[in-house]
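Heads up, the thing below is written out as structure tokens.
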Amino acid sequence: MSSRARLKGRSERAERHIRLAHWVMETEAWRDLDPVARCSYIELVRKYAGPGSNNGKIAVSVRQLRDELKISTATASRALQRLEDHGFIVVMEKGSFTRKIRHATQYRLTEFGCDVTNTLATKDFSRWRKSTVSQLKQSVSLVKPCGTSGETTTPAIPPKNPLHSFTTDTDSTRLGISSETLIDNQGVGVSRSGVQPRRRHHGLRVAAGGRS
């Protein structure tokens, strides 16, 4: 132990602490975070043990973060999602809570180097821009929900009008029009031979060339 350390009453080995650099707090991504997301990031950094330790294997569950910050489950989940969207954390392994396997999601802090892949710090949050995110949201076309319960439904295809198209011989026989009859835009049958077939008009059956 050095004389300086003895005079101040502390050991040479520094205690574990959390550093939040000024340049990180000056980034646009940090300024866009809400207080809950900032506190969540501090909790994640608190679990980081330093270079060459566990970055990339920092296990944090939504329930654990909820209990530590005394917030709701939805708020904790939303805070982690905001940190991921803003480039502060990256999901390395998705958590699972089945009966056989129970483990929390493992994260990597982009501010520091990855201890799993031995790569340098990516610092994705330093390149995050709010204007870019706004442009991406505007470029995506959203489908408005419809229906009685708000679900998105596909409009039903209307049935074909038998006066405008015929697909079977039964339709033409039922209306008294031969298979060689052509239908104009007004729904009036015009025979190729020039003789107008029978058609219905105002509830009266009118024969071609005569009265009912």
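The sequence shown maps to residues 522 to 733 in the numbering used here. Where a beta carbon is used, it is the ideal one built from N, C-alpha and C, also for glycine. The structure displayed is predicted, hence computed values, not measured ones.
Query	Result
Which value, in whole angstroms, describes the spacing of the CA atoms of His538 and Ser655?	36 Å
Helix or strand or just coil, what does DSSP make of Ser617?	strand
Using the rule of at least 16 other Cβ atoms within 10 Å of the residue's Cβ for burial, across every protein chain shown, is His624 buried or exposed?	exposed
When the Cα of Lys568 is compared with those of Pro556, Asp555 and Ser582, which residue comes out closest?	Ser582
Just checking, does the region 639 to 651 make contact with the region 590 to 602 on the three C-beta pairs under 8 Å criterion?	no
Please report the distance separating the alpha-carbon of Ala542 from that of Trp551.	11 Å
So what does Gln494 bridge to, in DSSP terms?	Residue 494 lies beyond the range of the chain shown here (522 to 733); nothing can be said about it.
Determine, using beta carbons only, whether Gly577 and Cys635 come nearer to each other than 7 Å.	yes
Do you know offhand how far Val612's Cα is from Asp553's?	21 Å
Whose CA, out of Lys591, Tyr628 and Ala642, lies closest to the CA of Val557?	Lys591
When you compare each of Glu536, Glu589, Ile579 and Gly616 to Thr631 by their alpha carbons, which one comes out closest?	Ile579
Work out the CA separation of Lys615 and Val664 for me, nearest whole Å.	Caution is warranted here: a pLDDT of 48 is assigned to Val664, below 50, making its placement in the model unreliable, and no coordinate value can be reported.
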